[in-house]
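>
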Amino acid sequence: MFQGRNGRPDLLTLTHNPEDGTCTGYVLTEQGYEHIARLASEGVALAVIAASLCIGEKTFRELRQRDERCQGMIDLGRQTFATEITDTLRTHMREGNVTAAIFLAKTMGGMKEQVGELPDATPKTIHHHTVNIQINAPMSDEEFARLTDPATRMLEAAATAPVPLVPAKSEGRK
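Under my numbering, the first residue of the sequence shown is numbered 2, with each subsequent residue one higher.
1) Please name the residue in Ala-146, Met-74, Thr-23 and Ala-102 whose C-alpha comes closest to that of Leu-47.
2) Residues in its own chain within less than 6 Å of Ala-102 by CB, not counting five upstream and five downstream?
3) Roughly how far, in whole angstroms, is the beta-carbon of Gly-8 from the beta-carbon of Tyr-27, given that I think they are within contact range, below 8 Å?
4) Between the C-alpha atoms of Pro-163 and Ala-138, what's the straight-line distance to the nearest angstrom?
5) Tell me the rounded alpha-carbon separation between Arg-147 and Ile-134.
6) Grab me the residues of Leu-90's own chain with a C-beta within less than 8 Å of its C-beta, minus the 5 sequence neighbours each way, in chain order.
7) Using the Cα positions of His-17 and Glu-63, report the straight-line distance between them to the nearest angstrom.
8) Is the beta carbon of Leu-12 sitting closer than 8 Å to the one on Leu-54?
9) Go to His-93, then tell me how far its alpha helix (DSSP H) extends in each direction, as first and last residue.
10) Are the Cβ atoms of Gly-44 and Phe-82 separated by less than 8 Å?
11) Around the C-beta of Arg-70, are 16 or more other C-beta atoms found within 10 angstroms, so that it is buried, or is it exposed?
12) Assign Ile-40 to one of two classes, buried (16 or more other C-beta atoms within 10 Å of its C-beta) or exposed (fewer than that).
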């Protein structure tokens, strides 16, 4: 199908400047316009349409900017595709497909989901969550040394260790 990157001669022709013979760009044939409209009506991406013409994406973009009819064929094809999709969705909606009905209501009917209050409805429960963050003041060098010194930590741990409560032995009872 592809004949290199020099374009398909049945769909477009390369024009030249008559004075110096330099290439001035591509011009679509009638068959080329029909080809573009047909592919666009099938939802084909612009890069794929360019490849089907055997030209690069940049060249195809320049052609569309230069040739209003070329861009018009793409627009017409895309609208044809959109109409076909809408017709299919409408058919499914009328057959009872709820998903198709919702999609059409939102996209074509301009409807949107809204949360309304129903009479006699249970009021919503609102949860307020509070997060408390405590940021301590920076330590002095002495506090840091005391915190990291193993000997100091052992002494502090021993001082705060619980004292075992053991009943004293009584002497004299037998």
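Beta carbons are placed, not taken as given, at the ideal position from N, Cα and C, and that holds for glycine. Note that the structure is predicted; figures quoted are calculated from it, not measured.
According to the structure data:
1) Among Ala-146, Met-74, Thr-23 and Ala-102, the Cα nearest to that of Leu-47 is on Met-74.
2) The residues are Met-94.
3) Yes, they are in contact, since the Cβ atoms of Gly-8 and Tyr-27 sit about 6 Å apart, within 8 Å.
4) Our two residues, Pro-163 and Ala-138, have alpha carbons roughly 30 Å apart in a direct line.
5) One C-alpha to the other measures close to 25 Å.
6) Taken in chain order, the residues that qualify are Ala-101, Phe-104 and Leu-105.
7) One alpha carbon belongs to His-17, the other to Glu-63, and they sit about 16 Å apart.
8) Taking 8 Å as the Cβ cut-off, Leu-12 and Leu-54 qualify as a contacting pair.
9) According to the DSSP assignment, His-93 belongs to the alpha helix (DSSP H) that extends over 69-95.
10) Taking 8 Å as the Cβ cut-off, Gly-44 and Phe-82 qualify as a contacting pair.
11) Label assigned to Arg-70: exposed.
12) Residue 40 is actually Leu in this sequence, not Ile. Per the 10 Å Cβ criterion, buried.
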